[in-house]
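Read the structure below first, then the notes.
In structure tokens form, the structure reads like this:
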């Protein structure tokens, strides 16, 4: 029985397909950057192919020319976005961090990070009382003030090297004085950081600002730069939904339960959020490198794509190529339609969210729009991730009616996006939402954020394998 199964063309084609998928997974696991470049290259080509077919059939434009036009439009747009949006988005990300902090409970034992210090400095420099004391020339120099202050505190937050020689000497003296005791415990505690000095801060600020503004800003920086402050806006949300006639003891218990839960969420969030936001400025360099290799790869792959499609079945044994060709053709059609649907919907949702945030008088429209576009590349799971910062942004206004209005608008936007997705995918195989969530969780654990993005394409490949290989074998009669 087992030998008969091994001889079946569908089973052999399935084995070869799994082998090639294992190779892809190994490549993705070894080098995340390589995986991103390969995935981005194939994504660009899948977006270009429908345009090339349309231009060739209806506009009578040669394939090579249509591909050149498509590549130019895509990469010119990406370069312009990176050049003109990176700096304002990085600034918005830094300031938005304060909104996140203001929502969660205050925790005195929270450790200050360089990103939180930088966020405090940005808030001090945007204070209206300070700006009123400055001339137009001094306002233009605030970027230099910000840079110098951040560099100063960055040096302060670096741990000081310990003096090993003095430590050993102190320990030997302590051991000598305690040698008559049979057991003892030595606990050494010290602040391993240099403390800020007011005169040094004044020296930095006075190079750019007038004496009155220097005194005001320096005092504010000295007193508050290394403090993690919160307005605890979560209390307003709880109070809004709390019944007015609730028992006082139950009210206190509810507040305490919500506070403890939010502290746990905050601790988890603060483990990775500062690190991610700190890397936003350096994201340009990494993106530039990925973009360069993606451009090169997309140019070659798009121009030779028809040859690649024709050659790919030859990776299978000759006797199973017919079965493999049917599988590859169906898989490509489904992947192409899925990629186009997700990319188009992500762009639409990103633009709409940015416009909605802007029209409602809220700040950070660029950041929220880009975040919405990015999270919508992850089906199902991405939508709650999109809602979280938008909810925090609305809560920061302390206008809960505005929060409800924004949530209603977002629900309408995503309902329309879901209908649009169904229209795009009509006639193509769709994946069960439960399977999608499961694949995203598993792939996310194995490959991180990139795994969450590629989970659905991988699920589509597995479903095509089931349809073309395994299901027909199970339906065969002996």
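Residue numbers (our numbering): 1491 to 1968. Idealized CB from N, CA, C, for every residue including glycine.
{"Query": "Three or more C-beta pairs below 8 angstroms linking the region 1927 to 1936 and the region 1859 to 1874", "Result": "yes"}
{"Query": "For residue 1679, the three-state DSSP class (helix, strand or coil)", "Result": "With a pLDDT of 48 at residue 1679, under the threshold of 50, the modelled position of that residue is not reliable, and the figure given next carries that caveat. Residue 1679: coil per DSSP, three-state reduction."}
{"Query": "Burial state of residue 1750, where buried means 16 or more other Cβ atoms lie within 10 Å", "Result": "exposed"}
{"Query": "For residue 1448, the nearest candidate out of 1644, 1718 and 1559 (CA to CA)", "Result": "Residue 1448 lies beyond the stretch modelled for the chain, which goes from 1491 to 1968, so this question has no answer here."}
{"Query": "Spatial neighbours of residue 1504 in its chain, beta-carbon cut-off 8 angstroms, leaving aside the 5 residues before and after", "Result": "1955, 1959 and 1960"}
{"Query": "Sequence-distant residues of its chain with Cβ nearer than 7 angstroms to residue 1610 (five each side left out)", "Result": "1714 and 1715"}
{"Query": "Any chain B beta carbon closer than 8 angstroms to residue 1546", "Result": "Among the chains in the structure shown there is no chain B, since it carries only a single protein chain."}
{"Query": "Residue 1581 classed as buried or exposed, judged by whether at least 16 other C-beta atoms fall within 10 angstroms", "Result": "buried"}
{"Query": "Residue 1706 versus residue 1589 - alpha carbon distance", "Result": "24 angstroms"}
{"Query": "Secondary structure of residue 1831, DSSP reduced to three states", "Result": "helix"}
{"Query": "The ligand ADP heavy atom lying under 7 angstroms from the CB of residue 1792", "Result": "The ligand ADP is not among the ligands present in this structure, which contains no ligands whatsoever."}
{"Query": "Cβ-based neighbour list, residue 1783, same chain, cut-off 6 angstroms, excluding 5 preceding and 5 following", "Result": "1527"}
{"Query": "Residue interval of the alpha helix (DSSP H) (run including residue 1936)", "Result": "1923 to 1955"}
{"Query": "Residue 1701 - containing alpha helix (DSSP H), residue span", "Result": "1701 to 1714"}
{"Query": "Own chain, CB closer than 6 angstroms to residue 1560, minus 5 neighbours either side, in chain order", "Result": "1538 and 1541"}
{"Query": "Closest by C-alpha distance to residue 1649, when choosing among 1624, 1685, 1636 and 1630", "Result": "1685"}
{"Query": "Residue 1886 in three-state terms, based on DSSP", "Result": "coil"}
{"Query": "7 angstroms Cβ shell around residue 1629 - same chain, five flanking residues per side excluded", "Result": "1621"}
{"Query": "Proximity winner among 1799, 1595 and 1606, relative to residue 1720 (alpha-carbon distances)", "Result": "1595"}
{"Query": "Which listed residue (1819, 1781 and 1499) has its alpha carbon closest to that of residue 1524", "Result": "1781"}
{"Query": "Range covered by the alpha helix (DSSP H) that runs through residue 1543", "Result": "1522 to 1548"}
{"Query": "Whole-angstrom C-beta distance between residue 1846 and residue 1899, which should lie under 8 angstroms", "Result": "6 angstroms"}
{"Query": "Buried or exposed by the 16-neighbour rule on C-beta atoms within 10 Å, applied to residue 1584", "Result": "buried"}
{"Query": "Cβ-Cβ distance between residue 1642 and residue 1694 below 8 angstroms", "Result": "yes"}
{"Query": "Extent of the continuous alpha helix (DSSP H) to which residue 1562 belongs", "Result": "1553 to 1593"}
{"Query": "Extent of the continuous alpha helix (DSSP H) to which residue 1920 belongs", "Result": "Counting along the chain, residue 1920 falls outside any alpha helix (DSSP H), and DSSP gives it neither H nor E."}
{"Query": "Secondary structure of residue 1732, DSSP reduced to three states", "Result": "coil"}
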